[in-house]
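The opening position of the sequence shown corresponds to residue 240 in our numbering, with each subsequent residue numbered one higher. We put the CB at the ideal spot given by N, CA and C, even for glycine. Only a predicted model underlies this, so the values are computations on that prediction, with no experimental measurement involved. Worksheet: the structure to be examined is printed underneath.
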Amino acid sequence: MALIAMAGLPGVGKSTIARGLAERFPGVLINVDDVASALVRAEFERSFATGLAGYLVAEQVARVNLALGSHVIVDAANSAGYARNIWTSLAREFGTELLFVEVVCTDLAAHAARLATRRLPAGQPRISFDDVVVAYAEAESWAAEPRWLVNTTEDVDHDQVFADVQAALRGY
């Protein structure tokens with residue numbers, strides 16, 4: 240079993256890559272934004288607390304599924320060290336492999352266009368490219384977490400991404 244945690248700025252293609260991986264790995268896909276948006280639909284105010292709650296609910300769902308022996312893919316920005324620590328600790332708790340799949344889009348115009356046209360779950364606000372620039376500035380640098388980089392500037396071959404991730408996961 241493996242724990243795969245997506246990472247990257249809004250609009251780079253994390254969810255698309257996560258869905259592609261979930262179609263190929265027998266396991267569970269958990270989207271942190273969907274959890275946080277559900278809290279907002281339940282009339283909780285959008286705040287740091289609802290975002291954190293999204294991560295904590297995702298952590299618990301991941302824990303249950305790892306205990307069942309399932310692969311887990313977590314779709315989240317994971318831009319803060321505390322967020323990445325959730326998955327690092329969970330992998331350690333279960334003695335399972337952890338791989339962060341960091342998704343980037345190095346073409347700024349393409350990234351901005353994606354943000355403007357992407358479909359969002361109910362309750363999730365549209366994010367501007369200016370918001371992404373701020374998020375990039377606030378993102379914490381990576382420590383020693385194992386990660387695989389995927390650049391979505393060009394069309395992505397999901398079978399190749401799967402093969403690369405599979406190769407990066409020694410025990411898969």
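Residue i at chain B interface by Cβ criterion, 8 Å
| i | result |
| --- | --- |
| residue 300 | Note that chain B does not occur in the displayed structure, where there is just one protein chain. |
Buried/exposed call for residue i, threshold 16 Cβ in 10 Å
| i | result |
| --- | --- |
| residue 324 | exposed |
| residue 290 | buried |
| residue 254 | buried |
Coil, strand or helix - residue i by DSSP
| i | result |
| --- | --- |
| residue 333 | helix |
| residue 264 | coil |
| residue 314 | strand |
| residue 395 | coil |
| residue 298 | helix |
| residue 283 | coil |
| residue 381 | coil |
Of the residues the options, the one placed nearest residue i, counting alpha carbons only
| i | options | result |
| --- | --- | --- |
| residue 380 | 280, 354, 320 | 320 |
| residue 353 | 249, 308, 383 | 249 |
| residue 406 | 282, 264, 308 | 264 |
| residue 408 | 273, 335, 328 | 335 |
| residue 348 | 391, 376, 340 | 391 |
Neighbourhood of residue i by C-beta distance below 6 Å, restricted to the same chain and skipping five residues each side
| i | result |
| --- | --- |
| residue 368 | 351, 354 |
Contacting residues, own chain, Cβ-Cβ under 7 Å from residue i (five flanking each side not counted)
| i | result |
| --- | --- |
| residue 261 | 268, 312 |
| residue 257 | 245, 268, 312, 314 |
| residue 298 | 325, 329 |
| residue 322 | 294, 315 |
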